[in-house]
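As structure tokens, the structure follows; a few thoughts come after it.
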Amino acid sequence: AQSVTQLDSHVSVSEGTPVLLRCNYSSSYSPSLFWYVQHPNKGLQLLLKYTSAATLVKGINGFEAEFKKSETSFHLTKPSAHMSDAAEYFCVVSVGGATNKLIFGTGTLLAVQP
Amino acid sequence: GAVVSQHPSRVICKSGTSVKIECRSLDFQATTMFWYRQFPKQSLMLMATSNEGSKATYEQGVEKDKFLINHASLTLSTLTVTSAHPEDSSFYICSAVSGHTDTQYFGPGTRLTVL
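Going line by line, the protein sequences match chains Y and B. Just so it is clear: in the first sequence, position 81 is 81 by the working numbering, and no numbers are missing. In the working numbering, each number is its position in the second sequence, counted from 1, plus 1000.
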């Protein structure tokens, strides 16, 4: 079975400082991993995805994530937080790619302080 | 980019009535759409997989007779909550799969409140 664990339910950073949102996965097969962001009253937006190509994945808005098989991790990072990054972030796993069932983590609420 | 819409965005209904939620892929065709449910401050839980022209596949624990799904065209899937009760109040989100980009695109969600 596939699952993801987001280690922090809330993360607070100051504007301009680095962001680290942690995610560990469990999968019996080679997983596809995603990070989605959900702003209030808006639909989920795909930030980036890993599908067995390069282990360092670059996404939109300056975010990136590194797939580490030995650590079963897929942490999301950004060098410098912006106020507009404040939102809920979901780590997601799928077997078979994005066109198959997605299993969502519990989410991390990112707060950005001025 | 690919856009998925949902209608209505919010609905309030009385207990015992039925509510239909529409999910549309606006600029692409989607043979597969998914329906999720999100409780306050919780994650998304997959309810069912909707395939155009065939019966939906429901996740364990989801009542297929209560949550009727119809995927009549490549751009439209509907979720009908039948005989709604207050415990059905939730945020319902759909997604549509674009075969061109191998990506699920999510709708903005529908907030259902059952009184």
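Glycine residues also receive a C-beta, built at the ideal position from the N, C-alpha and C atoms.
So what does DSSP say about Ser84 of chain Y, is it helix, strand or coil?
On the first sequence, residue 84 of chain Y is found 84 positions in, with the first residue counted as 1. In the structure shown, Ser84 of chain Y sits in a helix (DSSP, three-state: H, G or I).
Excluding five sequence neighbours on each side, which residues of the same chain lie with their C-beta closer than 8 Å to the C-beta of Asp1027 of chain B?
Against the second sequence, residue 1027 of chain B aligns to sequence position 27. For Asp1027 of chain B, where only same-chain residues beyond five positions count, the Cβ hits under 8 Å are Ala1002, Val1003.
Within the continuous beta strand (DSSP E) that includes Ile60 of chain Y, where are the two ends?
One-based indexing of the first sequence puts residue 60 of chain Y at position 60. Ile60 of chain Y -> no beta strand (DSSP E), and no H or E assigned at all.
For Glu1087 of chain B, which of helix, strand or coil comes out of DSSP?
Reading the second sequence from its first residue, position 87 is the one you call residue 1087 of chain B. Glu1087 of chain B falls in the helix class under three-state DSSP.
Within 8 Å of any Cβ in chain B, is that where the Cβ of Leu33 of chain Y sits?
As a first step, residue 33 of chain Y must be located in the first sequence, where it is residue number 33. No, Leu33 of chain Y does not count as interfacial toward chain B.
Grab the span of the beta strand (DSSP E) containing Gln113 of chain Y for me, first residue to last.
In the first sequence, the residue the question calls residue 113 of chain Y occupies position 113. Run containing Gln113 of chain Y: 108-113, per the beta strand (DSSP E) assignment.
Can at least three beta-carbon pairs, one atom from the stretch 57-68 of chain Y and one from the stretch 99-112 of chain Y, be found at a separation below 8 Å?
Short answer: they don't touch.
Quick one: any contact between the stretch 1004-1024 of chain B and the stretch 15-29 of chain Y, if contact means 3 or more CB pairs under 8 Å?
No: the two stretches stay apart, fewer than three of their Cβ pairs being nearer than 8 Å.
Just checking: is the beta-carbon of Val1011 of chain B within a distance shorter than 8 Å of some beta-carbon in chain Y?
Mapped onto the second sequence, residue 1011 of chain B falls at position 11. Cβ-Cβ to chain Y under 8 Å: no for Val1011 of chain B.
Tell me whether Asp1088 of chain B is buried or exposed, calling it buried when 16 or more other Cβ atoms sit within 10 Å of its Cβ.
The residue given as residue 1088 of chain B occupies position 88 in the second sequence. Its Cβ being crowded by 16 or more others within 10 Å, Asp1088 of chain B is buried.
Determine whether the Cβ of Gly16 of chain Y lies closer than 8 Å to any Cβ atom of chain B.
Counted from its first residue, the first sequence places residue 16 of chain Y at position 16. Cβ-Cβ to chain B under 8 Å: no for Gly16 of chain Y.
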